[in-house]
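Participant:
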Amino acid sequence: MKPFLLLSKQSTALITHCLQSSESTPPNIMPKLHINRQLAREHRANPALDPSYRNTVFTQVQQRMLCAGIYMRLLLPHRWPTNYSQWWECDFVTEGILDNGGGFRDTLSDISEELCPSSGNVPVPLPFFVRTSNQGNSSSDTRDMYIPNPSCKDFPKYEWIGQLIGAALRSKEFLVLALPALVWKQLAGEEVIWSKDFAAVDVELVKLLEMMEGMDRDTFEFMFGKELTYTVVLSDQHVVELIPNGSNTVVRYEDRKEFIRLVQKARLEESKEQV
Numbered sequence: 001m002k003p004f005l006l007l008s009k010q011s012t013a014l015i016t017h018c019l020q021s022s023e024s025t026p027p028n029i030m031p032k033l034h035i036n037r038q039l040a041r042e043h044r045a046n047p048a049l050d051p052s053y054r055n056t057v058f059t060q061v062q063q064r065m066l067c068a069g070i071y072m073r074l075l076l077p078h079r080w081p082t083n084y085s086q087w088w089e090c091d092f093v094t095e096g097i098l099d100n101g102g103g104f105r106d107t108l109s110d111i112s113e114e115l116c117p118s119s120g121n122v123p124v125p126l127p128f129f130v131r132t133s134n135q136g137n138s139s140s141d142t143r144d145m146y147i148p149n150p151s152c153k154d155f156p157k158y159e160w161i162g163q164l165i166g167a168a169l170r171s172k173e174f175l176v177l178a179l180p181a182l183v184w185k186q187l188a189g190e191e192v193i194w195s196k197d198f199a200a201v202d203v204e205l206v207k208l209l210e211m212m213e214g215m216d217r218d219t220f221e222f223m224f225g226k227e228l229t230y231t232v233v234l235s236d237q238h239v240v241e242l243i244p245n246g247s248n249t250v251v252r253y254e255d256r257k258e259f260i261r262l263v264q265k266a267r268l269e270e271s272k273e274q275v
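Per UniProt numbering, the sequence shown starts with residue 1, numbered consecutively.
1) Could you give the first and the last residue of the continuous beta strand (DSSP E) run that contains Pro148?
2) Look up residue 317 in the DSSP assignment and say whether it is helix, strand or coil.
3) Using a Cβ-Cβ cutoff of less than 7 Å, which residues in the same chain neighbour Thr107 once the five nearest sequence positions on both sides are dropped?
4) How far does the alpha helix (DSSP H) with Thr59 in it reach, from first residue to last?
5) Using a 10 Å radius around the Cβ and a threshold of 16 neighbouring Cβ atoms, would you call Asp218 buried or exposed?
6) How is Val263 classed by DSSP in three states: helix, strand or coil?
7) Could you compute how far the alpha carbon of Val176 sits from the alpha carbon of Gln274?
8) Alpha carbon to alpha carbon, how far is Asp154 from Ile161? Give it in angstroms, no decimals.
9) Among Lys157, Leu115, Val240, which one has its Cα closest to the Cα of Leu262?
10) How many angstroms separate the CA atom of Phe198 from the CA atom of Ile29?
11) Hey, would you say Asp141 sits closer than 9 Å to Ser118, going by beta carbons?
12) Relative to the C-alpha of Arg44, which residue among Ser112, Lys272, Phe92, Asn149 is closest?
13) Please list, in chain order, all residues of the same chain as Val122 whose beta carbon is under 8 Å from its beta carbon, the five residues on each side excluded.
14) Go to Leu33, then tell me how far its alpha helix (DSSP H) extends in each direction, as first and last residue.
15) Kindly list the residues whose CB is nearer than 8 Å to the CB of Pro244, restricted to its own chain and excluding five residues on each side of it in sequence; keep chain order.
16) Could you give the first and the last residue of the continuous beta strand (DSSP E) run that contains Phe129?
17) What did DSSP end up calling Glu241 once you bin it into helix, strand or coil?
18) Could you round the C-beta distance between residue 277 and Leu115 to whole angstroms and report it? I think they count as a contact, below 8 Å.
19) From the DSSP secondary-structure annotation, give me the bridge partner or partners of Thr229.
20) For the alpha helix (DSSP H) that Asp202 lies in, which residues bound it at each end?
21) If I measure Cβ to Cβ from Leu169 and keep anything under 7 Å in the same chain, skipping five residues before and after, which residues do I get?
22) Going by DSSP, what residue range makes up the beta strand (DSSP E) through Glu89?
23) Between which two residues does the alpha helix (DSSP H) containing Thr219 stretch?
24) Which residues mark the beginning and the end of the alpha helix (DSSP H) in which Ser118 is found?
25) Would you kindly work out how many angstroms separate the C-alpha atoms of Tyr230 and Gly102, rounded to a whole number?
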């Protein structure tokens with residue numbers, strides 16, 4: 001689809017037509033949510049106190065929609081008309097703020113910050129995304145990116161995030177998620193390229209594997225000896241085996257290209273389930 005759109009002079013009109021043809025009917029009554037942002041701020045300061053993250057704005061919004069009985073039937077903002085720019089009204093507990101659209105947008109901003117914090121020096125309040133390895137590399141121009149957490153299996157919540165992304169696309173609202181092109185390409189069904197796309201996740205690993213492929217035997221033995229095994233560390237810092245009993249199998253020089261292939265495959269597909 002993308003190559004066709006790039007060649008088409010009517011790409012904007014075609015996208016608009018696709019959005020309009022897949023619209024659903026919005027609700028007659030705007031959902032009104034009572035959100036306690038003080039509890040959310042307390043959780044953000046120390047997420048370890050509540051692993052269930054029930055006090056985040058993200059969870060409060062999702063759960064209150066569910067309790068209202070409209071989560072599956074009524075709240076489908078990802079397919080509402082493009083001019084339907086507000087998906088719920090907010091009553092911020094103890095704040096006395098009346099929502100004329102600003103409160104709704106504040107919740108989107110809070111949700112964005114909970115999913116992918118803009119600061120690299122604060123804990124991540126929600127488990128759905130983890131910081132990329134580049135966040136520890138100050139020389140990278142993609143050091144602020146996040147990637148879906150390979151360890152998180154709460155797939156209904158990922159679906160909810162996808163609905164919010166779709167709704168933001170239609171309504172032109174802002175849901176700021178610092179995700180690399182690798183993730184967006186997977187969502188769009190595009191081919192991903194290791195050297196280009198994964199460099200936005202872990203540029204040092206890309207460089208290391210490129211160097212490993214071209215090095216001679218003596219250099220390989222000097223750098224790795226018998227310490228390199230068929231394992232790899234994922235973005236969530238979990239170590240996985242690339243082959244059966246991989247943690248006890250040493251990578252030989254003549255097998256290094258197969259090792260590289262396995263590492264690339266494992267890392268490119270580490271968040272496949274979540275995407």
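Note that beta-carbon positions come from the ideal geometry of N, C-alpha and C, so glycine has one too.
Facilitator: Answer, in terms of the structure:
1) Numbered from 1 along the sequence shown, position 148 holds the residue referred to as residue 148. Unbroken beta strand (DSSP E) run through Pro148: 146-148.
2) An answer regarding residue 317 cannot be provided, because it is not within the stretch 1 to 275 covered by the chain.
3) Taking the sequence shown and counting its residues from 1, the one referred to as residue 107 is at position 107. The answer, listed in chain order, is Ile35, Val57, Val61, Cys90.
4) Your numbering for residue 59 matches position 59 in the sequence shown. Where Thr59 is concerned, the enclosing alpha helix (DSSP H) stretches over 57-67.
5) Within the sequence shown, residue 218 is the residue found at index 218, counting from 1. Exposed is the call here.
6) Position 263 of the sequence shown, counting from 1, holds the residue named residue 263. In this structure, Val263 counts as helix in the three-state DSSP scheme.
7) Translated into positions along the sequence shown, residue 176 becomes position 176. Translated into positions along the sequence shown, residue 274 becomes position 274. Cα to Cα, Val176 sits roughly 18 Å from Gln274.
8) Your numbering for residue 161 matches position 161 in the sequence shown. Your numbering for residue 154 matches position 154 in the sequence shown. About 11 Å.
9) Along the sequence shown, one-based indexing puts residue 262 at 262. When only C-alpha atoms are compared, the closest one is Val240.
10) Along the sequence shown, read from residue 1 onward, the residue named residue 198 stands at position 198. Along the sequence shown, read from residue 1 onward, the residue named residue 29 stands at position 29. Roughly 44 Å between the two C-alpha positions.
11) Locating residue 141 in the sequence shown gives position 141, where the first residue counts as 1. Locating residue 118 in the sequence shown gives position 118, where the first residue counts as 1. No, these two residues do not count as a Cβ contact at 9 Å.
12) Looking up residue 44 in the sequence shown gives position 44. Comparing Cα positions, the closest option is Ser112.
13) Translated into positions along the sequence shown, residue 122 becomes position 122. Once the five neighbours on either side are set aside, the close Cβ partners of Val122 are Arg44.
14) For the purposes of this step, residue 33 is identified with residue 33 of the sequence shown, where counting begins at 1. Here Leu33 belongs to no alpha helix (DSSP H); instead the beta strand (DSSP E) covers 32-35.
15) Counting from 1 along the sequence shown, the entry for residue 244 is found at position 244. None.
16) As a first step, residue 129 is located in the sequence shown; it is residue number 129 there, counting from the start. Per DSSP, Phe129 belongs to the beta strand (DSSP E) from 129-131.
17) Within the sequence shown, the letter at position 241 stands for residue 241. It is a strand residue.
18) Residue 277 is absent from the structure shown; the chain starts at 1 and stops at 275.
19) Within the sequence shown, residue 229 is the residue found at index 229, counting from 1. DSSP output for Thr229 lists Val250 as bridge partner(s).
20) Locating residue 202 in the sequence shown gives position 202, counting from the first residue. Residues 199-214.
21) If you number the sequence shown from 1, residue 169 lands on position 169. When the five nearest sequence neighbours on each side are left out, no beta carbon in the same chain lies closer than 7 Å to the beta carbon of Leu169.
22) Reading the sequence shown from its first residue, position 89 is the one you call residue 89. Note, Glu89: beta strand (DSSP E), 89-92.
23) The sequence position of residue 219 within the sequence shown is 219, counting from 1. Where Thr219 is concerned, the enclosing alpha helix (DSSP H) stretches over 217-224.
24) Here the question's residue 118 lines up with position 118 in the sequence shown. Neither: Ser118 is in no alpha helix (DSSP H) and is coded neither H nor E.
25) Start at 1 with the first residue of the sequence shown, and residue 230 comes out as number 230. Start at 1 with the first residue of the sequence shown, and residue 102 comes out as number 102. Taking the straight line joining both Cα atoms gives about 52 Å.
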